[in-house]
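Undergrad: Residues 68 to 416 in our numbering are what the sequence shown spells out, letter by letter. Heads up, the beta-carbon is just placed ideally off N, CA and C, and yes, glycines get one too. Questions regarding the structure given below will be posed in turn.
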Amino acid sequence: MVDNKQNPALLQNHMRHIQFLYPSLSKPSKIIVTCHQKPDGDAMGSTLGLYHFLIQLGHEVTVISPTNWADFLNWMPGVENVLNFDYDKTACEALIEEAAIIFCLDFNVLSRTKHLEHPIKKANCVKVLIDHHQQPDEATFDYGISNTAKSSTCEMVYDFIMGSEWSHLINQSVARCLYTGVMTDTGSFRFPATGAETHRMVAHLKDLGLEHSPIHSQIFDSSEENRLRFIGFVLLKRMEILKPLQVGLMYVYAEDVKEFKLKTGDTEGLVNYLLGMKGIEMGAIVIDREDERKWSFRSKTNFDVNTFAREHFQGGGHFNAAGGRSDDSVDITVEKFKQILKNYEDQLK
Ligand code: 5GP
Ligand code: MN
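Pasting the structure below:
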C-alpha cells in the first residue's frame with residue numbers, strides 16, 4: 068500500500084484519488100463490485116468490465132446488483148455470475164462482510180443502491196467510487212474518482228485500467244462490456260459529454276477486435292411486441308405537451324404496466340421521444356412502480372434537470388438527464404410537477 072499519511076487529502080478525511088488504489092490491487096483479494104438499482108447499460112457494463120479486468124489479476128470478484136435488470140443486458144459476458152441482492156440477500160451480505168474492497172460504480176449516493184445501502188455502509192472494508200454524476204457523497208468513500216464531464220462510468224473504468232500497469236488485460240469481454248455503457252450513456256455518441264477521448268477509447272477497442280454492431284442489436288433490436296405496442300399507447304394516450312412551457316410529459320399508471328405486461332427496462336428511452344419534438348426543451352415521465360412513482364427528467368440544452376430533480380423530487384443525476392421519486396399517486400405528483408414548472412418558465416424558454 069502507498070503511505071497515504073503523506074497525502075494531505077487523507078488528513079482532511081477526503082476521498083483519495085483512485086491512483087492510490089493501484090498498489091493494493093497487486094495482491095489477490097476478495098472484491099465486490101456494485102452499482103445503482105435497476106442497472107442500465109452503463110451500470111452493468113462498468114461493473115462487468117471491471118470484473119473481467121480484476122479476475123485476470125487473480126482477485127475473487129463478485130458483482131452484486133441491488134435489484135434485477137433489463138433482459139436486453141442478459142447477453143453480456145459474465146452476467147450469469149451477477150448476484151441480485153433482492154434474491155440472494157444472505158449470500159450477498161456474507162460476501163460484503165468478507166470483502167476487502169467494494170467498488171461502487173455509476174452512482175453518487177449510497178441510497179441509489181436501495182436495500183444494499185445499509186450493508187455497504189456498515190462494511191468494514193475499503194470503499195471505492197467511480198462515477199460521473201453530480202454532487203457525489205465523497206465522505207462515504209476511501210478512494211475514488213468523480214468526473215461529471217465524463218461520458219459514462221465505462222469510460223472512467225477504461226481510464227482506470229489504462230492508467231494502471233495492466234492495460235494489456237483489456238480482452239474482448241472487458242471491451243464489450245465497456246463499449247456497452249459508453250454507447251448507451253452517450254445516446255449512441257450524440258450527447259455533449261461524448262469527447263474526443265470517448266471516440267479514441269472506442270477506436271482502441273475496435274483495434275483490439277471489438278465488434279460493435281452485435282452490441283447495438285442486442286440493446287436496441289430485441290424488444291418484444293408488447294413493448295412496441297406500449298410505446299404506441301403512451302404516445303397516444305399518456306402524453307401531454309405543455310406548449311407554452313416547452314415541456315413534454317408522459318405518465319404511466321400501475322394498470323398500464325400490468326396490462327402491457329411490462330418488464331424491467333421496457334420503459335427505458337421512452338422519455339427521449341419527447342425531446343424529438345421541435346420546440347421542446349424538457350421531457351419528463353413518471354412511472355408507477357410498486358413502491359414509488361419514479362420520475363425521469365431530460366433536457367435538450369440549458370435547463371438543469373439535476374437541480375430540478377434534487378430540489379423537488381428527491382433525486383439527481385446529470386445536467387441534462389436526471390431521475391427522482393415521489394410517494395404521491397401519479398395524478399397528484401403530475402399535478403405538483405405542473406405547479407412547480409410555473410416557477411421555471413423563464414429558464415425553460
Ligand atoms: P433515468 O431517468 O434514466 O432513470 O436516470 C437518468 C440519470 O439520473 C441516470 O444517470 C441515473 O443514474 C440518475 N438517476 C436516476 N434516478 C436518480 C435518483 O433518484 N437519484 C439520483 N441521485 N440519480 C438518479
Ligand atoms: Mn452512467
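1. Would you say the beta carbon of T114 is closer than 7 Å to some non-hydrogen atom of the ligand MN?
2. Would a C-beta distance cut-off of 8 Å place G383 and Q202 closer than the cut-off?
3. Taking the C-alpha atoms as reference points, what is the distance between A321 and D398?
4. Which residues does DSSP list as the beta-bridge partners of S213?
5. Answer yes or no: the CB of T220 versus the heavy atoms of the ligand MN, is any distance below 7 Å?
6. Using three-state DSSP, classify F364 as helix, strand or coil.
7. When you measure from the CB of N175 to every non-hydrogen atom of the ligand 5GP, does any distance come out below 7 Å?
8. Could you say which of D204, V324, K156 and W142 lies nearest to S284 if we only look at CA atoms?
9. Can you find the residues in the same chain that come closer than 6 Å, C-beta to C-beta, to G108, ignoring five residues on each side of it along the sequence?
10. Hey, quick one: how far does the alpha helix (DSSP H) through G114 stretch, first residue to last?
11. Using a Cβ-based criterion (distance less than 7 Å to any ligand heavy atom), does R392 qualify as near the ligand 5GP?
12. Can you list, in chain order, the residues of its chain whose CB lies under 7 Å from that of L302, leaving out five sequence neighbours each side?
13. Name, in chain order, the residues that DSSP records as bridge partners for R392.
14. Candidates N151, D226 and A376: which alpha carbon is nearest A389's?
15. With a threshold of 7 Å (Cβ to nearest heavy atom), would D109 be considered close to the ligand MN?
16. Would you please state the rounded distance, in angstroms, between the beta carbons of T180 and P106? I believe it to be under 8 Å.
17. For the 8 Å Cβ check, are there 3 or more pairs between the segment 274–292 and the segment 300–317?
18. Could you give the distance in angstroms between the alpha-carbon of P95 and the alpha-carbon of V338?
19. Check whether the Cβ of D252 sits closer than 7 Å to any heavy atom of the ligand FMN, and report yes or no.
20. Tell me, please, which residues DSSP counts as bridged to D355.
21. Is the separation between the beta-carbon of G125 and that of C244 shorter than 8 Å?
22. For F386, which residues of its own chain have a beta-carbon under 6 Å away from its beta-carbon, when the five flanking residues on both sides are left out?
23. Could you check where the beta strand (DSSP E) with L162 kicks off and where it finishes?
24. Checking the sheet assignment: what are the DSSP bridge partners for L172?
25. Can you give me the C-alpha to C-alpha distance between C159 and C171, rounded to a whole angstrom?
26. Taking 8 Å as the threshold (C-beta atoms), are V319 and D358 in contact?
27. Would you list, in sequence order, the uninterrupted beta strand (DSSP E) runs of no fewer than 3 residues that lie entirely inside the segment 267–320?
28. If you follow the beta strand (DSSP E) that T129 is in, where does it begin and where does it stop?
29. Helix, strand or coil: how does DSSP classify R257 here?
30. With respect to 7 Å, is the separation between the Cβ of G383 and the closest non-hydrogen atom of the ligand 5GP below this value?
31. For T265 and C102, I'd like the C-alpha separation in whole angstroms.
32. Based on the DSSP output, what are the partners of R83 in its beta bridges?
33. Out of curiosity, what's the CA-to-CA distance linking A216 and A260?
34. Tell me whether N151 sits in a helix, a strand or coil according to DSSP, three-state version.
35. Please indicate yes or no: does the CB of A216 lie closer than 7 Å to some heavy atom of the ligand 5GP?
TA: Checking against the coordinates, here is how it stands:
1. For T114, the shortest C-beta to heavy atom distance toward the ligand MN is 7 Å or greater.
2. Pairing G383 with Q202 gives a Cβ-Cβ distance under 8 Å.
3. Roughly 12 Å separates the two Cα atoms.
4. Its beta-bridge partners are D198.
5. At a cut-off of 7 Å, the beta-carbon of T220 counts as near the ligand MN: some heavy atom of the ligand is closer than that.
6. The answer is strand: DSSP assigns F364 an E or B state.
7. Distances between the C-beta of N175 and the heavy atoms of the ligand 5GP include at least one below 7 Å.
8. Taking only the C-alpha atoms, the option nearest S284 is W142.
9. Within the same chain, T247, G248 and T251 come within 6 Å of G108 by CB-CB distance, once the 5 residues on both sides are set aside.
10. In the sequence on display, residue 114 carries Thr and not Gly. Counting along the chain, the unbroken alpha helix (DSSP H) around T114 starts and ends at G108 to Q123.
11. Because some heavy atom of the ligand 5GP lies under 7 Å away, the Cβ of R392 counts as near it: yes.
12. Closer than 7 Å at the Cβ level, and outside the excluded window around L302, lie Y340.
13. Under the DSSP definition of a beta bridge, R392 partners with K361.
14. Among N151, D226 and A376, the Cα nearest to that of A389 belongs to A376.
15. Checking the Cβ of D109 against the ligand MN gives yes.
16. Actually they are not in contact, since the Cβ atoms of T180 and P106 sit about 10 Å apart, beyond 8 Å.
17. These segments do not touch.
18. Spanning the two alpha carbons is a distance of roughly 43 Å.
19. The model depicted lacks the ligand FMN and carries the ligand 5GP and the ligand MN instead.
20. Its beta-bridge partners are R360.
21. No; because the gap between Cβ atoms is not below 8 Å, this pair is not in contact.
22. Only D371 and N373 meet the Cβ criterion.
23. Annotation: L162 is outside any beta strand (DSSP E); the continuous alpha helix (DSSP H) that includes it extends over K156 to E165.
24. Answer by DSSP bridge pairing, in chain order: C102 and I197.
25. Spanning the two alpha carbons is a distance of roughly 15 Å.
26. In this structure, D358 sits away from V319, with a CB-CB distance that is not shorter than 8 Å.
27. Annotation: the segment 267–320 contains the following complete segments of the beta strand (DSSP E) (minimum length 3 residues), in chain order: 306–309 and 314–319.
28. Taken as a continuous stretch (DSSP letters only), the beta strand (DSSP E) holding T129 covers E127 to S132.
29. Reduced to three states, the DSSP call for R257 is coil.
30. Answer for G383: yes, Cβ within range of the ligand 5GP.
31. If you draw a straight line from the Cα of T265 to the Cα of C102, it is about 21 Å long.
32. When beta bridges are read from the DSSP output, R83 appears opposite Y210.
33. Just so you know, the alpha carbons of A216 and A260 end up roughly 6 Å apart.
34. Reduced to three states, the DSSP call for N151 is strand.
35. Outside the cutoff, so no.
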